[in-house]
Amino acid sequence: METKCKRNGCKKPYNENENNDQACKHHPGKPIFSDLKKGWTCCNKIVYDWDEFMKIEPCAIGKHTNIDVTEGGEFYQSKTVQNAQKGIDNFVDNTPQPVRKIDDYNKEEAEKKKLLEQQQAKVQKQIFVTPTGKYKCTNKGCLKEYDPNENNECLYHPGEPCFHDLKKFWTCCRVEKYDWDEFMKIPTCAKGSHTPKLI
1 METKCKRNGC KKPYNENENN DQACKHHPGK PIFSDLKKGW TCCNKIVYDW
51 DEFMKIEPCA IGKHTNIDVT EGGEFYQSKT VQNAQKGIDN FVDNTPQPVR
101 KIDDYNKEEA EKKKLLEQQQ AKVQKQIFVT PTGKYKCTNK GCLKEYDPNE
151 NNECLYHPGE PCFHDLKKFW TCCRVEKYDW DEFMKIPTCA KGSHTPKLI
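So in full-length UniProt numbering, spot 6 of the sequence shown is number 6, and the numbers just go up one at a time.
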């Protein structure tokens, strides 16, 4: 009966009767995903392309095993990778989640606005006020100054910015760009109330 090897760099099915000290070529260390860098802690080789990372030759030989023996149990990663993973988690098989009904959306926005007004009433003295007497919005993609009495025209990105390999995109609208200036020009995909900056 075949069992799948759990060593990184191998992951091949094997028969225990044929398992020996020369059967498994693998990476005993952790995979590294830090910003654009990819590699392994065990062989200290860094590449930037995913295909090149997958081609890095295993640096150790031993027996196959069905027990997870990776050092430390986790891989190195930066916040960039964490943000990218959020974007990936918001999609199933690269398919966006079902679109909400407009009535549900309007109801949620009304509830958010009501909650925001309650919060503003509690922290009025803590809101940052610009020299012109306006508030500063902290919504991603907006960041504009606005009149608190006219808080109904905020265009923003409700998701997170993601920088994965050379791709740049927002988790909320998934328009992928490679150039930074083009990424900054991606149109906002949501409309609602500004969120004031607090001090």
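Virtual Cβ for every residue (Gly too), placed ideally from N, Cα, C. Since the structure is predicted, the reported quantities are computational estimates derived from the model, not experimental observations.
- For Y156, which option in S193, K25 and I102 has the closest C-alpha, if you only look at C-alpha atoms? For this step, residue 156 is matched to residue 156 along the sequence shown. Considering only alpha carbons, the answer is S193.
Inset, instruction - For the alpha helix (DSSP H) containing E52, list its first residue and its last residue. - result: Position 52 of the sequence shown, counting from 1, holds the residue named residue 52. First-last of the alpha helix (DSSP H) with E52: W50 to M54.
Proximal residues to G141 (C-beta, below 6 angstroms), its chain only, five neighbours per side dropped: The residue given as residue 141 occupies position 141 in the sequence shown. For G141, same chain residues with a beta-carbon under 6 angstroms away, outside a window of 5 residues either side, are Y156, H157 and T188 in chain order.
Min CB distance D104 to chain B below 9 angstroms = Among the chains in the structure shown there is no chain B, since it carries only a single protein chain.
Please list the terminal residues of the continuous alpha helix (DSSP H) segment that includes E182. Here residue 182 refers to the residue found at position 182 when the sequence shown is read from its first residue. Its alpha helix (DSSP H) spans residues W180 to M184.
field: Alpha-carbon to alpha-carbon, G159 and K107
entry: Position 107 of the sequence shown, counting from 1, holds the residue named residue 107. Position 159 of the sequence shown, counting from 1, holds the residue named residue 159. Cα-Cα distance, rounded: 19 angstroms.
In terms of DSSP beta bridges, what is Y14 paired with? As a first step, residue 14 is located in the sequence shown; it is residue number 14 there, counting from the start. Y14 is bridged to T3.
Give the secondary structure of residue 221 by DSSP, where H, G and I count as helix, E and B as strand, and everything else as coil. Residue 221 lies beyond the range of the chain shown here (1 to 199); nothing can be said about it.
Query raised in the report: What whole-angstrom Cβ distance do V47 and I61 have, given they're in contact under 8 angstroms?
Result: Your numbering for residue 47 matches position 47 in the sequence shown. Your numbering for residue 61 matches position 61 in the sequence shown. Their Cβ separation, rounded to whole angstroms, is 22 angstroms, which puts V47 and I61 out of contact at 8 angstroms.
- Which residues mark the beginning and the end of the beta strand (DSSP E) in which P31 is found? Position 31 of the sequence shown, counted from the start, is the residue given in the question as residue 31. Start and end: P31 to S34.
Are F169 and I186 close, meaning C-beta to C-beta below 9 angstroms? Numbered from its first residue, the sequence shown carries residue 169 at position 169. Numbered from its first residue, the sequence shown carries residue 186 at position 186. Cβ atoms of F169 and I186: closer than 9 angstroms.
**Message:** What residue range does the beta strand (DSSP E) around G192 cover?
**Reply:** Residue mapping note: residue 192 aligns to position 192 of the sequence shown, counting from 1. Residues A190 to G192.
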